[in-house]
Structure formats: C-alpha cells, structure tokens
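Numbering (our numbering), first residue to last: 714 to 855.
Backbone N, C-alpha and C define an ideal beta-carbon position, used for all residues, glycine too.
What follows is a set of notes on a single structure, which appears directly below.
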C-alpha cells in the first residue's frame with residue numbers, strides 16, 4: 714500500500730521536489746515520513762516494495778529515491794537498476810539505507826549509502842547535498 718503526503722498547494726507544485734521512499738519496513742517508512750515532513754519541505758511518496766515504486770513512477774517524477782536494500786522480491790540495487798534504465802530517471806540520485814550495505818554494488822553505481830542505524834543529521838545533510846548544492850556525506854568504511 715502506498716501513502717502520499719498531503720498535496721502541496723497549487724503555488725508549491727511547480728517547485729515541490731518529490732522524494733520516493735521504498736522500504737518494506739512499516740516502522741522505518743513511518744519514521745522517515747515523520748522526520749522528513751518535519752525537517753524538509755519535500756513532497757514524500759512512500760511505498761513498501763520495488764514493484765509498487767515501478768508502477769508509481771509513470772505518474773510522477775521523483776527528484777530523489779530513498780531505497781532500502783533488503784526487500785523481498787526485488788532488493789534495492791535491483792530496483793535502482795530498473796529505475797535508472799529509464800531515460801527520465803537515469804540521473805535521479807538515490808540513497809540506499811541498510812544495516813548491511815552492499816558496498817561494492819554501491820561503489821560501482823556511485824550510489825550513496827547510509828548505514829542503519831543512522832544519525833538524522835547525516836540523512837538530512839545527504840538529502841540536501843543530492844537535491845541542492847552541498848557535498849554528499851559518504852559514510853566511511855570501517
């Protein structure tokens with residue numbers, strides 16, 4: 714089931730950036746929705762798996778993808794690859810969040826990874842860097 718945050722006003726629609734959050738963990742989706750709603754002005758769209766995400770992107774153009782790595786049916790790397798095969802999303806940035814990040818796969822794709830658990834400030838800084846003009850924070854490999 715997908716959940717779309719409140720519709721922005723007509724004047725906001727032209728400037729509103731959409732973040733598509735794909736995570737099979739309902740608690741994580743709710744947490745991301747709560748903190749990003751409070752801390753940013755981006756429009757959020759939340760879905761629980763990659764198949765829902767692929768259906769939705771025909772109806773919208775997200776500015777950023779936040780993807781869980783471990784999801785049933787299609788993991789976050791597979792979803793990222795399928796999204797980026799489409800011309801209109803080939804340059805759309807993405808953040809992969811997971812307890813166990815596939816570091817080699819992230820490096821091959823120049824994909825930003827954030828290890829869970831994470832600091833909220835790290836996530837917010839990374840989002841702003843990918844959607845704005847700041848440098849993205851790439852977590853150091855231990």
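Residue 840 is a Cβ neighbour of residue 753, given a cutoff of 8 Å. Residue 767 sits away from residue 757, with the two beta carbons spaced by 8 Å or more. Three or more Cβ pairs drawn from the segment 772-782 and the segment 808-821 lie within less than 8 Å of each other, which places the two stretches in contact.
Only buried fits residue 732, as 16 or more other CB atoms lie within 10 angstroms of its CB. Between the alpha carbons of residue 799 and residue 774 lies a gap of roughly 11 Å. For the options 791, 772 and 805, the alpha carbon positioned closest to that of residue 762 is the one of 791. Annotation: residue 802 is outside any alpha helix (DSSP H) and is labelled neither H nor E by DSSP. Looking only at 770, 759 and 829, the smallest Cα-Cα distance to residue 801 is reached by 770.
DSSP, reduced to helix, strand and coil, places residue 778 within a strand of the structure shown.
For residue 770, there is no enclosing alpha helix (DSSP H), as DSSP marks it with neither H nor E.
In the structure shown, the three-state DSSP call for residue 763 is helix. Considering only 745, 788 and 755, the residue with the shortest C-alpha distance to residue 832 is 745.
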